[in-house]
Ligand SMILES: [Zn+2]
């Protein structure tokens, strides 16, 4: 079916897609053209744990056309409490394979590529060149810095989040815009690892990662469609215990080892 979007240009979505995405298309900021753009977008998700699960599920349901999923891990019994991509019978299976099955069942419009090598900077750089946005849902300092460098090098938007216990944070580093701060401006690679505390040792209340992963999916869609006010250059801090949200503005660090050199 051909439908005219708000810009007056004809776009093609099947009748099934018009029905499927009708609640998006009703939104003036999305419309047919926006949904078409989502269907043509490619997102890289690094880490398929507590954050990556809801992020991937919401993006797949939203009609993102293609995803590259990176994780080297296998589904563990202790993941099932919060990693909603997986179910009981998948314990022991590769996370990327299990995630792909779940997402394709949810939305057959989606194309999924898999990669188990998430820590290799060269591989990450290659992936970043191919995609429109990157979600960092990893759980360690080293991967976060590698993803930040790869995103900065390819000038692609990075949607980053972290969570532990009953708290978390989310930020956008939109390297399409000059002068954006980067993850290394916030946490220097030479500093003590602020994320060295892990969920394995400290625990995490399940919906906390659900909320932050969904927030990453939301910011990704806004970045892809260039709509609204994103978290670019801002850090949103969530304290689930006190039910408190705080926003802090981030500034580029003139001495940053990543973004001040180029
Ligand atoms: Zn920087």
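Numbering (the numbering used here), first residue to last: -6 to 255. Heads up, the beta-carbon is just placed ideally off N, CA and C, and yes, glycines get one too.
Item                                                                                                                                                                                      : Value
Check whether the Cβ of residue 177 sits closer than 8 Å to any heavy atom of ligand 1, and report yes or no.                                                                             : yes
Straight-line CA distance for residue 24 to residue 11?                                                                                                                                   : 10 Å
Taking residue 206 as the reference, give the member of 125, 98, 176 and 75 with the closest Cα.                                                                                          : 75
Given the structure, does residue 253 come close to ligand 1, in the sense that its CB is under 8 Å from one of the ligand's heavy atoms?                                                 : yes
Given this structure, state the Cα-to-Cα distance separating residue 66 from residue 31, to the nearest angstrom.                                                                         : 28 Å
Mind checking if residue 24 is an interface residue toward chain B, Cβ cutoff 9 Å exclusive?                                                                                              : Absent from the structure: chain B. Only one protein chain is present.
What is the DSSP secondary structure of residue 150, counted as helix, strand or coil?                                                                                                    : strand
Spatial neighbours of residue 14 within its chain, please: C-beta separation below 7 Å, excluding the five flanking residues on both sides.                                               : 28 and 56
By Cβ distance below 6 Å, which residues in the same chain neighbour residue 154 in space, the five residues on each side in sequence not counted?                                        : 44, 163, 205 and 209
Exposed or buried, what is residue 82 when buried is set at 16 or more other beta-carbons lying within 10 Å of its beta-carbon?                                                           : exposed
Determine whether the beta carbon atoms of residue 78 and residue 95 lie at a separation below 9 Å.                                                                                       : yes
Within its chain, find whatever has a CB closer than 6 Å to the CB of residue -1; leave out the 5 residues flanking it on each side and keep chain order.                                 : Because the pLDDT of residue -1 is 48, which lies under 50, any placement of that residue in the model is unreliable, and the number read from its coordinates should be weighed accordingly. Contacts found: 24.
Look at the Cβ atom of residue 202, then the Cβ atom of residue 127, and state whether they are nearer than 9 Å.                                                                          : no
Might you give, ordered along the chain, the residues of its own chain that have their beta carbon closer than 7 Å to the beta carbon of residue 220, omitting 5 neighbours on each side? : 22
For residue 5, does the count of other Cβ atoms within 10 angstroms reach 16, so buried, or fall short, so exposed?                                                                       : exposed
May I ask you to report which of helix, strand or coil DSSP gives residue 130?                                                                                                            : coil
Quick one: residues in its chain with C-beta nearer than 7 Å to the C-beta of residue 147, no 5 flanking neighbours on either side, listed in chain order?                                : 118, 121 and 122
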